[in-house]
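What follows is a single structure, written as structure tokens, with notes after it.
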Amino acid sequence: KIRKIKNIKGGLVPLVLITFFALQTSAAFAGIEMFDCINLNDDENPIYFLRTDLDMKCWEGSHNTAVGLGVALSLIWMVVFPLSIFMILKKKNTQEALDSEMT
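Quick note on numbering: the sequence shown equals residues 89 to 191 in the numbering used here.
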């Protein structure tokens, strides 16, 4: 039974890595998209709106909340997850090296 759990766990790591890398570009783009504002007024009196939702004025009300969420998600997807995966893989590699030295 323990061997089955190890086999499932061993197959799960590559699946999670592949899924993560497939979703990373989309998640990063969604976070950065919150900063894509365009001016829909004249240059003397600019009024900026979010390019993906022209009903939302930039840097006012709900856009500030969306920017905060976008920054947080971007940091998680572009910094925290890659570093976590790197540390897990490094730990696994170090453990395998120690195991091979012991045998």
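Ideal Cβ positions, reconstructed from N, Cα and C, are used throughout, including at glycine.
Taking the alpha-carbon positions, what's the residue i to residue j distance?
{"i": "F169", "j": "E132", "result": "43 Å"}
{"i": "I173", "j": "A110", "result": "14 Å"}
{"i": "P134", "j": "W147", "result": "13 Å"}
{"i": "M175", "j": "A160", "result": "21 Å"}
{"i": "L171", "j": "K178", "result": "10 Å"}
{"i": "G149", "j": "L103", "result": "39 Å"}
{"i": "V155", "j": "N127", "result": "18 Å"}
{"i": "G99", "j": "L142", "result": "44 Å"}
{"i": "T140", "j": "T153", "result": "16 Å"}
{"i": "Q183", "j": "V101", "result": "16 Å"}
{"i": "K180", "j": "L105", "result": "14 Å"}
{"i": "S188", "j": "C125", "result": "55 Å"}
Looking only at its chain, what residues have a beta carbon closer than 7 Å to the beta carbon of residue i, apart from the 5 residues adjacent to it on each side?
{"i": "H151", "result": "L138, M144 and K145"}
{"i": "E121", "result": "T140"}
Does the Cβ-Cβ distance between residue i and residue j come in under 9 Å?
{"i": "G158", "j": "F108", "result": "no"}
By Cβ distance below 6 Å, which residues in the same chain neighbour residue i in space, the five residues on each side in sequence not counted?
{"i": "N129", "result": "I135"}
{"i": "F119", "result": "For the sequence presented, residue 119 should be read as Gly rather than Phe. Contacts found: G158, L161 and S162."}
Please give me, in chain order, every unbroken run of the beta strand (DSSP E) with length at least 3 that falls completely inside the segment 116-160. 125-127, 136-138 and 141-145
Given 8 Å, three or more beta-carbon pairs between the segment 155-166 and the segment 115-129: yes
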